[in-house]
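The opening position of the sequence shown corresponds to residue 0 in numbering that gives the first Met the number 0, with each subsequent residue numbered one higher. Ideal Cβ placement from N, Cα and C applies to all residues, glycine included. If you're wondering where the values come from, they're calculated on a predicted model, not measured in any experiment. Everything below concerns the one structure shown next.
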Amino acid sequence: MKTILFILAVCFSQVLFSQNVKKQTIIIQTSAQCGDCKERIEGALNYTLGVKFAELDLESKKVTVCFSPKKTSIETIKAIIAKIGYDADDVKADITDVQKLPKCCQPNGH
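Right, dumping it as structure tokens:
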């Protein structure tokens, strides 16, 4: 009887745990500067598998991303932002990707 109760408790805790990791929210500091940057970052992230919501606050240059950790990761999200041409926290954009941005969206472009 104790074994059955133990198994049920473990199964029940797994169900509860899996419900808690369905989505995660992170905030990433970017190097975005303008409305075009905002559209570019939000557009790329909102079309990324596993991302449920992405919104960039231009005043703080921080993007809030709600995502499913089962389908994507924080590292992948930062890599996508960097590949577009923007810094994402500690992940720096490659200079060749930055140069693909319009001049006004490059560092010191505004």
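Spatially closest choice to residue i from the options, by CA coordinates
| i | options | result |
| --- | --- | --- |
| residue 41 | 62, 58, 32 | 62 |
| residue 102 | 93, 36, 27, 25 | 36 |
| residue 45 | 24, 64, 99, 106 | 64 |
| residue 113 | 22, 53, 30, 21 | It is not possible to answer for residue 113, since the shown part of the chain is limited to 0 through 109. |
| residue 89 | 97, 99, 74 | 74 |
Backbone secondary structure at residue i - three-state DSSP
| i | result |
| --- | --- |
| residue 105 | coil |
| residue 81 | helix |
| residue 24 | strand |
Beta carbon of residue i nearer than 8 Å to that of residue j
| i | j | result |
| --- | --- | --- |
| residue 84 | residue 32 | no |
| residue 81 | residue 91 | yes |
| residue 50 | residue 24 | no |
| residue 87 | residue 26 | no |
Buried or exposed (CB count within 10 angstroms, at least 16 for buried), residue i
| i | result |
| --- | --- |
| residue 95 | exposed |
| residue 128 | Residue 128 is absent from the structure shown; the chain starts at 0 and stops at 109. |
Which parts of the segment 28 to 63 are runs of the alpha helix (DSSP H), unbroken and 4 residues or longer, counting only runs that do not cross its ends?
34 to 45
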